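Protein chains in written order, with the working numbering: chain A, 53 to 669; chain B, 234 to 725; chain C, 784 to 903. Beta carbons are placed, not taken as given, at the ideal position from N, Cα and C, and that holds for glycine. Keep in mind it's a predicted model, so treat the numbers as computed, not measured.
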Amino acid sequence: MLEAILVVAFGGALVSYFLGRWTSRIRDYFALGVWIAILGMTSYLHQIEPKISTFYPGFLGYDLSLRITSLSWLFAVTVAAVSVLVIIYSFRYIKGHEKRNLFYFLLLLVNGGMMGITLSGDLLSFYIFWEIASWSTFLLISFNRGKALPAGLRYVVMSVIGSAAMLVATLSLYSSYGTLALSDLSTHLATAGGGYVIFIFLLFFVSFGVKNAIVPFHTWLPPAHSEAPAPFSAVLSGLLVKMGTYGLILIFYLIAGMKIFLGLGTGIWSFHYIISALAGVTIVVPSFIAVLQDDAKKTLAWSTVGQAGYIVLGVSFGTGLALAAGIFHFLNHAMFKSLLFMSIGTVERKTSTRDLNELGGLVKRTPVLFVVTLVGAAGLIGIPLTNGFFSKWMLYKTLILEGNPFLAFAALVGTWGTVLYSYRLIHNVFFGQLPEKYRDVTRTSFSTYLPMVILSIAIVFFGVFPGFLLGEINVVTTSLGFTPLDVQLWGISSDSGTVNTLNILAALAVVGVMVWYLFRSSAETTEVSQEDSYTAGAPVPQGRFTYTADFYRPLEKIIRPYLKDRIEDFYGMLVGFVGVLSDTVRRIYTGYVGTYVAYILALLAAVLLVQLGWKPW
Amino acid sequence: MVNPALLLAVPLALAFLIPLVRLVARGVVKWIPVFAMAFNFIASVLIIPRALEEAIVTEIGGFPAPFCINLVAGPLGSILSSFIALIGLLVAIYSFDYLREVPTAKYYTMYLLLLTGATGIVLTGDIFNLFVFFEILCISSYSLVAYQGNKAGIEASVKYLVQGSIGSSLLLLGIGLIYGQYGTLNMGDLAGKIEGISSPSAFVPLVLMITGLGVEAAIFPLNAWLPDAHSSAPSSISAVLSGVAIGVGLYSIARILFTVFGGTALLETLAVIGLLTLLVGELSALSQDDVKRLLAYSSIGQMGLIAFGLGLATGEGVTGGLFQLLSHGLSKALLFLSVGYMIYRSGSKKISDLQGSWKRTPVASLGFAVGAFSLVGLPPFIGFPGKFLIVRSALLKGELFYTVLVAFVLFATVVEGGYFFRVVQIIFFKGTGGRRLKREVAPVSGLIPLVVLMLLILIVGVYPGLITGLIDSAAAELTARSSYFTLVMGST
Amino acid sequence: MIFLSEYIYYIGAIGLIFIGLLIVLVKRNLIKVVIGINVLDTGVNLFLISSGYLKGGTAPIYSPGSDAAPSTMVDPVPQALVLTAIVIGASVLALALSLGIKLYDHYETLDLEEIRGQRW
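So this is what it looks like as structure tokens:
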């Protein structure tokens with residue numbers, strides 16, 4: 053069954069490429085069919101006994117295996133579900149681009165690679181699928197030309213660094229224990245020395261941190277996410293980045309185990325606390341950088357960095373509630389961030405800009421798009437009755453319970469930033485006056501709306517009934533050794549307080565009724581035409597009145613100086629250094645033969661002299 | 234059963250038949266290398282199963298060893314000779330269309346001589362014979378590099394010649410010293426006679442030979458000819474030079490060092506030199522704007538990686554090195570052949586002029602991407618198992634020293650990724666620079682080699698087990714001196 | 784003096800080798816460099832021959848009626864090697880000179896310091 057999923061995924065990618073050379077319509081539906089089939093197969097595996105099956109015996113002396121656990125099932129099913137929606141969304145989006153076949157092929161390859169990552173039962177297959185996903189991601193990021201090229205290059209270089217680290221860690225584990233199977237490693241690492249564990253952890257952390265865009269490895273993400281084609285931005289942000297999260301959980305909890313992970317160091321100098329602190333930084337700073345972006349997709353991209361911070365904070369903090377919150381937030385983020393990237397992608401496709409200062413008023417032309425975006429933004433902010441509320445609530449709860457005011461404050465401050473940029477996003481795109489040039493923006497097709505509508509329904513549904521997901525997550529955290537949470541369909545209760553969407557619903561209903569009465573009793577609004585306003589005798593400009601440029605100017609003035617991305621400068625310096633080094637090194641090939649002959653004789657003489665003098669050989 | 238001597242005799246004879254055939258039937262000429270290499274390929278593949286059981290020793294002239302010149306077709310020799318024949322065959326097919334504007338008869342003669350030389354090097358069991366085949370290889374390379382007669386080609390050829398001559402003189406001097414000391418030229422016999430390399434009588438000839446061979450093997454700092462020669466030669470020749478010739482040079486270093494001298498003490502140094510070569514090659518490639526030069530520097534880097542693998546001195550390290558030798562050969566041949574097409578169509582070697590190649594020459598562009606990904610070591614291409622084996626065996630040594638070296642190797646990989654990915658982007662995603670480019674119908678003879686190479690890279694990348702078994706026994710042959718001695722000299 | 788007469792060929796050979804290398808190293812004219820390579824070759828050849836030379840030895844040919852013992856014959860192998868090496872050297876020389884002509888056509892000079900179109 054597990055093998056079948058991968059065969060279908062990778063075979064489907066290849067077949068759809070060749071189908072596409074023949075007819076594009078069949079290719080589209082074929083690709084969709086493939087992933088619906090995969091979704092079906094994956095869902096069928098729900099809560100089966102964890103099992104391991106070798107799918108490739110003897111690859112360079114290893115047996116590559118697949119296995120499914122409750123953890124990997126959760127990630128796999130998310131990958132499959134979002135992939136199906138993204139493929140539906142791509143139908144219309146990618147029309148008119150050149151290289152459509154390549155796009156589908158690569159998209160299916162990335163998704164297949166992610167299925168492989170989640171289902172692999174040993175670190176080598178993990179690495180192989182990881183790399184396949186990485187290089188196809190590189191090609192997809194570069195797909196849009198122009199500014200996409202440097203973005204893709206930046207991504208791939210960091211990704212190669214990450215995978216080099218992973219390769220070393222993997223092979224080092226192999227040379228120490230002679231096995232790479234996840235289930236075997238967990239027993240071995242328990243006996244390892246602390247220094248060695250930290251070495252392995254650090255290498256894996258570099259690798260997964262790069263993918264997860266944790267500060268200081270985040271610099272590739274904003275350009276990559278904003279320059280990639282919109283359907284792929286959705287995959288990238290919702291799924292691919294979170295493969296890093298999956299990897300972290302795998303290493304920290306599954307392979308090393310909670311005891312080892314939480315036992316490294318003490319107090320604020322413990323390993324997991326340092327990672328949590330990094331995650332805290334990852335929440336705060338990017339969330340405010342996102343506020344200052346004028347590019348809608350860049351806003352979302354920085355927001356992804358920030359949200360990844362929440363997820364990693366949950367994963368690394370080390371309580372059952374936090375881990376559950378992290379996984380829950382991963383699921384939620386996959387929903388709302390895919391939705392937002394799709395909707396902004398649609399806006400960009402309709403208006404051919406994503407500059408927040410130029411857009412506006414689209415609510416009149418595309419009301420459905422507005423509603424789904426609003427739901428997505430609500431989820432992102434974490435407004436009650438959307439799914440984001442719950443995961444964040446759990447995270448705050450555990451941070452405060454464990455007495456970590458700084459991290460809790462960081463998470464809170466990050467949410468302020470989230471509110472600011474989400475509001476700006478909604479406001480600048482949909483509200484205000486509709487610029488003349490967008491007068492004839494039309495609604496989009498059904499296949500574009502469908503995935504967004506499904507996602508927004510899911511956001512609300514899981515916001516009201518978090519128990520569905522929390523039940524699954526509970527199984528996962530329990531299997532990783534945490535005490536089970538008390539999950540109900542409507543919410544969660546713990547010894548220090550209960551959250552229950554029923555209460556929230558009731559409260560909201562009361563408030564809603566009050567607000568409605570308030571508005572009813574106030575004066576009626578009157579429609580005023582645009583010309584009918586006082587402009588001191590001057591003719592009324594035909595342009596727009598909505599205030600969008602310099603949206604948060606006072607705030608910007610305060611925070612801009614603090615948000616200079618020194619890490620990016622540092623990497624730039626490194627790259628510059630390598631460039632200079634490269635240019636210097638190649639100067640040894642002077643072009644004059646005499647020098648070259650001198651090199652030959654120098655080597656000869658040096659070796660002979662060394663042997664004569666020291667006899668090292 | 235095929236006599237290994239035929240692997241040399243057939244191409245050599247056909248090479249000199251070409252000028253005669255040309256007088257009779259001009260159209261047949263281009264088929265002769267194809268025939269010769271097809272024969273060689275089939276024959277060497279047929280030899281492999283028997284060579285795996287026991288190496289075939291052919292004693293030429295009827296004298297017993299050590300007085301004769303003998304050919305030893307062990308696992309390593311037969312694998313490498315089939316590899317040479319395969320690349321030779323594909324490039325010969327590629328040349329059909331590629332060489333339309335230049336006279337072809339001399340080209341094919343030289344081409345066959347080059348491959349004969351390479352085959353001879355991997356099969357011979359006699360160090361002077363090695364020198365002779367080496368010279369055949371080198372002289373035909375000199376003339377092929379200059380074949381187009383353009384400024385760059387001539388200049389590169391002259392420089393290559395000067396350095397190559399110095400190298401072969403050093404090699405010959407080393408051979409002379411060995412003969413003076415041990416009174417024999419047979420590798421097997423020498424393997425039995427030489428004990429340790431620390432005495433000057435063994436060390437000096439060893440260093441002379443390695444330095445001499447190192448010029449061809451492109452080891453730092455002996456590799457200055459390579460970027461010029463490989464970038465100025467016709468692309469088909471660059472493919473053979475990069476894919477086969479330097480690999481063969483490295484093979485002969487390994488053969489001398491491992492089998493003849495048993496110089497395990499030098500291996501650590503070899504690993505360090507390999508690492509330096511790797512770093513210098515990759516760093517120099519990073520800031521190139523000529524695509525063939527970039528590939529040439531990348532070849533230097535890859536040779537360094539192979540030398541690093543060989544220098545690890547574990548069975549697995551040698552396996553990794555040899556695997557990488559083959560994988561680099563396939564990938565680099567593919568890269569040069571693809572680039573040859575793109576340059577042929579766009580008329581420029583500048584990387585920036587490759588933009589839009591995806592539209593013009595889709596298969597060649599795909600070939601470039603596959604070759605580049607393979608060299609960077611991404612699964613599921615053939616470069617991944619190679620790099621993986623090398624890194625694994627370095628880490629399995631469990632010493633801090635090698636772990637640090639591995640860090641540098643991986644740094645070089647990152648650099649390599651940096652420039653290869655950049656070129657791939659330009660080929661596929663840069664757009665067409667405003668020009669309207671037509672897709673040009675590529676001739677079948679040009680596509681066959683590209684497609685075959687791509688398939689090989691992919692298939693062996695997914696199933697490295699197809700060849701790792703062979704390479705394991707080849708590595709065992711390379712490192713087991715005493716069994717080589719018994720093999721050649723008989724169990725006396 | 785005995786030392787000299789014993790080793791005169793080796794000294795000559797090594798001297799030639801060093802002279803050849805020095806020429807290649809310092810001379811900038813291609814023709815001179817080629818000459819240097821040839822001197823180097825000659826040195827190596829002389830070295831090979833000397834290693835098989837036996838003072839007062841005879842040609843290594845068994846003929847009926849001859850009573851020459853093998854120990855009085857010079858070693859034939861180096862001579863065979865040198866013959867081969869000379870042929871190779873000659874062909875390299877020919878190739879080098881013909882390339883030199885072409886090079887002059889392109890650059891109008893044979894000064895290798897100036898022929899640096901291919902570098903870095």
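Spatial neighbours of residue i in its chain, beta-carbon cut-off 6 Å, leaving aside the 5 residues before and after
| i | result |
| --- | --- |
| G378 (chain A) | I363, G366, V367 |
| V324 (chain B) | S469, A472, V473 |
| D824 (chain C) | G872 |
| L175 (chain A) | T222, L232 |
One or two residues paired with residue i in a DSSP bridge
| i | result |
| --- | --- |
| A306 (chain B) | B:I289 |
| G543 (chain A) | A:Q540, A:N552 |
| Y114 (chain A) | A:F111 |
| D347 (chain A) | A:D407 |
Contact with chain C by residue i, beta-carbon distance below 8 Å
| i | result |
| --- | --- |
| L116 (chain A) | no |
| V645 (chain A) | yes |
| L661 (chain A) | no |
| D723 (chain B) | Here residue 723 (chain B) is Gly; the residue named in the question, Asp, does not match the sequence. No, G723 (chain B) does not count as interfacial toward chain C. |
| T642 (chain A) | yes |
| V648 (chain B) | no |
| L405 (chain B) | yes |
Chain A residues whose Cβ lies nearer than 7 Å to that of residue i
| i | result |
| --- | --- |
| V807 (chain C) | V649 |
Residues near residue i by beta carbon distance below 8 Å, same chain, minus five either side
| i | result |
| --- | --- |
| Y96 (chain A) | M53 |
| I765 (chain C) | The requested residue 765 (chain C) does not occur in the structure, where chain C is confined to residues 784 to 903. |
Chain B contact for residue i (CB, 8 Å cutoff)
| i | result |
| --- | --- |
| Q901 (chain C) | yes |
| A868 (chain C) | yes |
| L237 (chain A) | no |
| K103 (chain A) | no |
| S846 (chain C) | no |
| V857 (chain C) | no |
| L655 (chain A) | yes |
| F786 (chain C) | no |
| R476 (chain A) | no |
| E524 (chain A) | no |
Contact set for residue i: own chain, Cβ-Cβ below 7 Å, skip 5 residues either direction
| i | result |
| --- | --- |
| S404 (chain A) | none |
| V524 (chain B) | V572, K582, I584, L587, V656 |
| G496 (chain B) | I430, L439, L490 |
Any chain A beta carbon closer than 8 Å to residue i
| i | result |
| --- | --- |
| L886 (chain C) | no |
| K663 (chain B) | yes |
| L804 (chain C) | yes |
| V656 (chain B) | no |
Beta-carbon neighbours of residue i, restricted to chain C and to distances below 8 Å
| i | result |
| --- | --- |
| I623 (chain B) | None at all; the shortest Cβ gap to chain C is about 29 Å. |
Under 7 Å from the C-beta of residue i: neighbouring residues of chain B
| i | result |
| --- | --- |
| I791 (chain C) | Those do not exist, as I791 (chain C) stays about 16 Å from chain B at its closest Cβ, beyond 7 Å. |
Cross-chain neighbours of residue i in chain E, by beta carbon under 8 Å
| i | result |
| --- | --- |
| L516 (chain B) | The structure shown contains no chain E; its protein chains are A, B and C. |
Using 8 Å as the Cβ pair cut-off and three pairs as the minimum, do the segment 151-165 of chain A and the segment 183-200 of chain A touch?
They touch, by the three-pair rule.
Assess, as a yes-or-no matter, whether the segment 298-318 of chain A is touched by the segment 339-359 of chain A under the definition of 3 or more beta carbon pairs within less than 8 Å.
Fewer than three pairs of CB atoms, one per stretch, sit closer than 8 Å, so the segment 339-359 of chain A makes no contact with the segment 298-318 of chain A.
Is it the case that the segment 613-629 of chain A contacts the segment 887-898 of chain C, given that we only count it when at least three CB pairs across the two stretches are under 8 Å?
No contact exists between the segment 887-898 of chain C and the segment 613-629 of chain A.
Should the segment 371-379 of chain B be called in touch with the segment 456-470 of chain B, which here means at least 3 C-beta pairs below 8 Å?
Judged by pairs of C-beta atoms under 8 Å, the segment 371-379 of chain B touches the segment 456-470 of chain B, as three or more such pairs exist.
With contact counted as at least three CB pairs below 8 Å, one residue from each stretch, are the segment 895-902 of chain C and the segment 634-645 of chain A in contact?
The segment 895-902 of chain C, when compared against the segment 634-645 of chain A, does touch it at the 8 Å Cβ threshold.
Taking contact to mean at least 3 C-beta pairs separated by less than 8 Å, is the segment 525-535 of chain A in contact with the segment 120-133 of chain A?
The answer is yes - the segment 120-133 of chain A touches the segment 525-535 of chain A, with three or more Cβ pairs under 8 Å.
Does the segment 71-88 of chain A come close enough to the segment 142-155 of chain A to have 3 or more Cβ pairs within less than 8 Å?
At 8 Å Cβ cutoff, the stretches touch.
Is the segment 312-328 of chain A touching the segment 368-377 of chain A, taking contact as three or more C-beta pairs under 8 Å?
Pairwise C-beta distances place the segment 312-328 of chain A in contact with the segment 368-377 of chain A, as three or more of them are shorter than 8 Å.
Would you say the segment 477-489 of chain A touches the segment 408-426 of chain A, given that touching needs at least three Cβ pairs under 8 Å?
Contact between the segment 477-489 of chain A and the segment 408-426 of chain A is present, because at least three Cβ pairs lie under 8 Å.
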